[in-house]
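Participant: Can you keep this structure in mind? I'll have questions shortly.
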Amino acid sequence: MFRPNAYKFLLYVSLTMGTLFGGASAAFADDVATKPAASQQKLLLLENAKASVVKLFVVSHIVDTLKPWNSYISRTTGSGFIIKGNQILTNAHVVSNATFIEVRKHGETTRYEAEVTHISHDADLAIVKLKEKVPSFFKNKPLAFGDLPEAHQEVTAFGYPVGGDSLSVTRGVVSRIERSVYVHRNRSLISVQVDAAINPGNSGGPVISDGKVIGVVMQSMHSSENVGYMVPTPIVKHFLTDLKDNHYDGHPALGIIDQTIESPALREKYGVSDDQSGVLVSMVYPDSPAEGILFKNDIITHIDGHKIANNGTVELRHKEVIAYQHFVDMHQLGDTIKLKVIRDAKPMALNIKLTKTIDQFELVSAPSFEKKPSYFIFGGFIFMPLTDDLINASRRRTSLDERVMSLKNFWPTEARKEAVILTRVLPANSNKGFHDISFVMIEKLNGKTFKDFETFYRLVKSSKSDFIKLEDEFGYQVVIDRKKAIANQAKILKLYNIPSDQSDDLKVLDKEAENPPKPKAGSAV
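Mapping of the sequence shown onto my numbering: residues 976 to 1500, in sequence order.
Structure follows, in structure tokens:
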């Protein structure tokens, strides 16, 4: 299933599978019987794998990011496969924003309605369950998970590429294992590159070796033929372990910015001897798990007992290295991670409890799903919080200010937890002179700063001034005649066929303001 993304060199791929082992023909049984024992085993494993794979038919409700009051219906297909607990595992991007899902086993014609029970957009994984009890659907043995594959290990990918409805089985080899970007939400986790024909339509299907699942087909590289990527079993197992309490928490983060110390001058400056190595802590995020434990200019030399090289990698297995952050990724939220550091040329050991995810250290939130964008229209001026979704949607239509783009590298503070953007203007008589402006980042409202979109919204709504003056960081001013804006609001909305001047989340805020909760008896007010 393809979804547009800023990373244009990668494609999403939707896969689905089948061939019912339980319905194997007598001809197949005869064919197996004539094969050598090793070949018989391979054929049986292949048929068992096919019997556990399903095709997903997904209807999704997609909201236009730049015009959040508009939406459209998307119909796509994808793959999944049966795992323990009568569950179906697939990719998050296959079922994101789904409003209706059906699944069908290979070799059968009946579709069964299903629903998403758990989803990880960071790991691009989701659990789907049937809405009704159908014991026969799960009569085959669920697929078991293997370990992280070795380089050059032979693998088989199953799925339903676009252009046909029958099962496709593709063989290839593992070519690379590293921490890289998962396109669905622009997160970096360990992934496995496979030299195999992974085509649009393959996502969510299992990648199998020696009868066990070693990964889930995820994405392919548009610029290279026969190169695909899969979510490996360490990430799958992390996801399933996370769900044991029936709640998904996500992958934790330390909350630091670091840099490599391959420079001899850097190492000498911070007292790193020739037999030592690591990474330099450049910054510690406020209110992060690392705050007060790690400090700027610390050198992290070891993580959970693994020595960190000067280029920021650690040994994963013999002659294989991976970015040290992988060992943070593999922890569950609430775990404690063990570090060794050099501070002021002195070694020390530290323990950090991992209590937060990377989302909590981002000023510009990562792509979101199953949630409508926030917006507010006032006098034809459209305001939205700055998000990755907004940046990606706008970048396809206009060039963005470098300052706006740079905010993706910033972190929230008490003074600013969210940036507010004037995305465009709906031309009307009351907003003449500003019809052509777009994507202006608002820094001040009537001379005052604000910390987030909600605060900005409340300031505009509660203003009694004749004029509302908005300023960007360079002093450029947008002045709104408040009374004219209010008087023309309904007319502008009707003219542009917009049903509401605000998103649903802001309507909830208004209701809460109108009906504040009553203090409990005996509580201080």
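Every residue gets a Cβ at the ideal spot worked out from N, C-alpha and C, and that includes glycine.
Starting from N1201, follow the beta strand (DSSP E) in both directions and report where the run begins and ends.
Facilitator: No beta strand (DSSP E) holds N1201; DSSP gives it neither H nor E.
Participant: So, G1230 versus S1263, is the Cβ gap smaller than 7 Å?
Facilitator: Closer than 7 Å, so yes.
Participant: Using DSSP's beta-bridge definition, name the partner residues of P1227.
Facilitator: The partner list for P1227 (beta bridge, DSSP) reads T1332.
Participant: Name the residue from K1346, S1184, Q1128, H1081 whose alpha carbon lies nearest to the alpha carbon of V1038.
Facilitator: Closest by alpha carbon: K1346.
Participant: Tell me, please, whether the stretch 1079-1091 touches the stretch 1206-1222 by the rule of three or more beta-carbon pairs shorter than 8 Å.
Facilitator: Not touching, per the Cβ criterion.
Participant: Determine the direct distance from the alpha carbon of K1116 to that of D1097, and round the result to whole angstroms.
Facilitator: Rounded to the nearest angstrom, the two C-alpha atoms are 29 Å apart.
Participant: Does the separation of the CB atoms of G1147 and D1170 fall below 7 Å?
Facilitator: A contact, by the Cβ cut-off of 7 Å.
Participant: My parser needs the beta strand (DSSP E) runs of 3 or more residues fully inside the stretch 1275-1319; what are they?
Facilitator: Qualifying beta strand (DSSP E) stretches, in chain order: 1288-1292, 1295-1298, 1311-1318.
Participant: Taking the alpha-carbon of D1334 as reference, which of G1225, F1414, G1060, D1233 has the nearest alpha-carbon?
Facilitator: The candidate whose alpha carbon is nearest that of D1334 is G1225.
Participant: With a 10 Å radius around its C-beta and 16 neighbouring C-beta atoms as the bar for buried, classify D1364 as buried or exposed.
Facilitator: Buried is the call here.
Participant: I'd like to check one pair, V1339 with K958: are the Cβ atoms closer than 7 Å?
Facilitator: In the structure as shown, the chain starts at 976 and stops at 1500, and residue 958 therefore has no counterpart that could be examined.
Participant: Could you pull the start and end residues of the alpha helix (DSSP H) that P1239 belongs to?
Facilitator: Segment 1239-1244, the alpha helix (DSSP H) holding P1239.
Participant: Counting C-beta neighbours from all protein chains within 10 Å, is the total for T1074 16 or more, i.e. buried, or is it exposed?
Facilitator: Per the 10 Å Cβ criterion, exposed.
Participant: Whole beta strand (DSSP E) runs in the stretch 1408-1445 with 3 or more residues, listed along the chain?
Facilitator: Entirely contained in the stretch 1408-1445, the beta strand (DSSP E) runs reaching 3 residues are, in chain order, 1415-1417.
Participant: Have a look at L1021 and L1142 and give me their C-alpha separation to the nearest angstrom.
Facilitator: Looking at the two C-alpha atoms, the distance is approximately 12 Å.
Participant: The beta strand (DSSP E) spanning S1381 covers which residue range?
Facilitator: Element bounds for S1381: not the beta strand (DSSP E) but the alpha helix (DSSP H), 1377-1381.
Participant: Using three-state DSSP, classify I1461 as helix, strand or coil.
Facilitator: It is helical.
Participant: Using beta-carbon positions only, say whether D1273 and V1316 come within less than 7 Å of one another.
Facilitator: Yes. Within cutoff.
Participant: Looking only at C-alpha atoms, which of T1052, T1388, L1401 sits nearest to G1180?
Facilitator: Taking only the C-alpha atoms, the option nearest G1180 is T1052.
Participant: Assuming F1351 and F1344 form a contact by the criterion Cβ under 8 Å, report the distance between their Cβ atoms to the nearest whole angstrom.
Facilitator: Rounded, the Cβ-Cβ distance is 22 Å, inconsistent with contact.
Participant: Can you give me the C-alpha to C-alpha distance between T1362 and Y1245, rounded to a whole angstrom?
Facilitator: Taking the straight line from one Cα to the other gives about 37 Å.
Participant: What is the residue span of the beta strand (DSSP E) that I1236 lies within?
Facilitator: Per DSSP, I1236 belongs to no beta strand (DSSP E) and is neither H nor E.
Participant: Relative to the C-alpha of F1112, which residue among A1132, K1059, G1134, R1160 is closest?
Facilitator: Of the listed residues, the one whose Cα sits closest to F1112 is K1059.
Participant: Compare the C-alpha of L1019 against each of G1186, P1387, I1048, V1070 and name the closest.
Facilitator: The residue with the shortest Cα to Cα distance from L1019 is G1186.
Participant: Under the assumption that V1453 contacts F1409 (Cβ atoms under 8 Å), give the Cβ distance between them as a whole number of angstroms.
Facilitator: About 6 Å separates the two Cβ atoms, so the contact holds.
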